[in-house]
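Residue numbers (the working numbering): 20 to 145.
Read through the structure below, which is laid out as structure tokens, and then see the notes.
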Amino acid sequence: MNPDAALKALAEPNRRTILTLVAAEPRPVGDIAGHLDITPQAVSRHLKVLHEAGLVDERREGTRHLFVVNPDGFAAVQEFLAGFWTEHLARLGSALASHQDQQDQQDRQDQAGEPARTQADQATDE
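Written out as structure tokens, the structure is:
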């Protein structure tokens, strides 16, 4: 599943509220609308977007249509975010290590009484 539709659906505050409501317990449209300052028709439109993104499912109990969170729908979002953070935290770790190496070199030079060298000076030596 592509995370784009889910991320787009999650970008809207009312949809996030709807997800919170239906995560707590299965709810019909009217009940959801009662918790929000929007019409049942607007809730239905939001639920359609959430359903198409794979984030909610509809189930029937008799004549009632109840909406529930679809945990599987969040898998693509979770996978995307895990990959995003893994990659970006690795880059951050490399940048911090490089900065620490430069700082350690500067500290050694300061302790030895040597004049500070810039990166440009170091590049000239190479």
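All C-beta atoms in this analysis are idealised placements derived from N, C-alpha and C, irrespective of residue type, glycine included.
For Arg34 versus Ala42, is the C-beta spacing smaller than 9 Å?
-> It is not a contact, given that the beta carbons lie outside the stated cut-off.
Local conformation of Asp76 per DSSP, three classes = Correct three-state label for Asp76: strand.
Count the other CB atoms, across all protein chains shown, that sit within 10 Å of the CB of Phe103; report buried if there are 16 or more and exposed otherwise.
-> With fewer than 16 Cβ atoms within 10 Å of its Cβ, Phe103 is classed as exposed.
Beta-carbon separation of Ala116 and Ala25 under 9 Å?
-> No, Cβ-Cβ distance for Ala116 and Ala25 is not below 9 Å.
Specify, as a first and last residue, the run of the beta strand (DSSP E) that Leu85 falls within.
-> Counting along the chain, Leu85 sits inside the beta strand (DSSP E) bounded by residues Arg83 to Val88.
What residue range is occupied by the uninterrupted alpha helix (DSSP H) comprising Gly49?
-> It spans Val48 to His54 - the alpha helix (DSSP H) in which Gly49 sits, taken as one unbroken run.
Residue span of the alpha helix (DSSP H) that contains Pro45, given as start and end = From DSSP, Pro45 is part of no alpha helix (DSSP H); its letter is neither H nor E.
Would DSSP call Ala146 helix, strand or coil?
-> Residue 146 falls outside the range modelled here, since the chain spans only 20 to 145, and no answer is possible.
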